[in-house]
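Following the numbering used here, the numbering of the sequence shown begins with 938 at its first residue and continues without gaps. Where a beta carbon is used, it is the ideal one built from N, C-alpha and C, also for glycine. No experiment lies behind these values; they were computed from the predicted model shown.
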Amino acid sequence: MKYIDYQEHRQHGTFNFPIAHYHENPHTPRYLMTYHWHTNYEIVYIRKGSFNLTLDDKTETYHEGDVVFISDGMLHGGTPTDCWYDCIVFDLKILLKNNNACSKTVQDIINHRIRINTYLSKNNHIISAIVQDLCNTLARKQTGYEFNVQGYLYILFGEIIRNEIYTKNPLDNVTLERLNSVKEVLSYISENYSNNITLDHLAHIAGMNPKYFCRYFKSMTDRTPIDYLNYYRVECACEMLSTKDISIREVAISCGFNDESYFIKTFNKYKNITPKQFMKRSFSA
């Protein structure tokens, strides 16, 4: 399953050790973070540059040394600027193994009775140091690193709980309902992007009138629904162009563009490069 799916189904880590580490920079194919969600938890660590990140319906710009916590089911995506960043994606149940002392707090997090703040490192340099060590340990994977990883996670969550970097107030029902409606739209796009998709149909899926849907969708993603649809199609095209020996026309049709010229124009709009140039650069890297 592609990393760019709106609902991400990719397995992170293994069954017995469900945690994975990804390092991204301007030269990696997954540098841009398209709007998506998954059932795992995620930590984003900014090593260099800045990252304009949207979490559910709130957008913030994060900088070097910042640590962001993304809860399960949270819609997220954004645009990095000259940014080097790490993502740690994990199943929180890893903390439950053979440790009854912490199980109640972990269950409170999993069941959303408490919600960890997204900006973890705000006024807390200790958390930045912990996460940096965690990222480095995951990157090196030296013998016995699994013990170190679990240790860093315990220390991290201990710091979060001790400093009360969380809230006990859940999202209101109206906000949850709207977020869920957008998730349905995103899931539909990920499954049908190669087909003809209209604004009216997307608004119908969301249960909103087209005008309000456009306004609400843009408030969350900073793009109109159709703009985001084309953006997503181009990201899918990038994935195909960098991994398959396929013609530009085939990619265009597979990604929902019936006109090759329009596809090239749209691709260039989002990537500042033609599909042919992108393919050449990908295979020469």
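*asked:* Within 10 Å of its beta-carbon, does residue 983 have 16 or more other beta-carbons around it, so buried, or fewer, so exposed?
replied: buried
_Let's test the definition: count the other Cβ atoms within 10 Å of the Cβ of residue 975 and tell me whether it reaches 16, buried, or not, exposed._
buried
*Could you spell out where the beta strand (DSSP E) holding residue 1127 opens and where it closes?*
Taken as a continuous stretch (DSSP letters only), residue 1127 belongs to no beta strand (DSSP E), being part of the alpha helix (DSSP H) at 1110-1129.
_Alpha-carbon spacing of residue 1219 relative to residue 1156, whole angstroms_ = 33 angstroms
_Using only CA atoms, which one of 1016, 1026, 1056, 964 lies nearest to residue 1009?_
1026
*For residue 1020, collect the residues of the same chain with a Cβ closer than 7 angstroms to its Cβ; drop the 5 residues on either side in sequence, then sort them by chain order.*
983, 985, 986, 987, 988
*asked:* Considering only their Cβ atoms, is the gap separating residue 1103 from residue 1052 smaller than 8 angstroms?
replied: yes
_Same chain, Cβ closer than 8 angstroms to residue 1192, five either side skipped, listed in chain order_ = 1130, 1131, 1170, 1171, 1173, 1174, 1177, 1200
*Three-way DSSP call (helix, strand, coil) for residue 1192 in this model*: coil
*List the residues that DSSP assigns as beta-bridge partners of residue 1024.*
959, 981
*Are the beta-carbon atoms of residue 1076 and residue 958 separated by less than 8 angstroms?*
yes
*Please list, in chain order, all residues of the same chain as residue 1125 whose beta carbon is under 6 angstroms from its beta carbon, the five residues on each side excluded.*
1142
*Answer yes if the stretch 994-1008 comes into contact with the stretch 961-973, meaning at least three C-beta pairs across the two stretches below 8 angstroms, and no otherwise.*
no
*Please determine, among 1120, 1148, 1072, the residue with the shortest C-alpha to C-alpha distance to residue 979.*
1072
*First and last residue of the alpha helix (DSSP H) that includes residue 1067?*
1062-1077
*Using alpha carbons as the reference points, say which of 1031, 1183, 1013 lies closest to residue 1224.*
No answer is possible for residue 1224: it lies beyond the span of the chain, which begins at 938 and ends at 1222.
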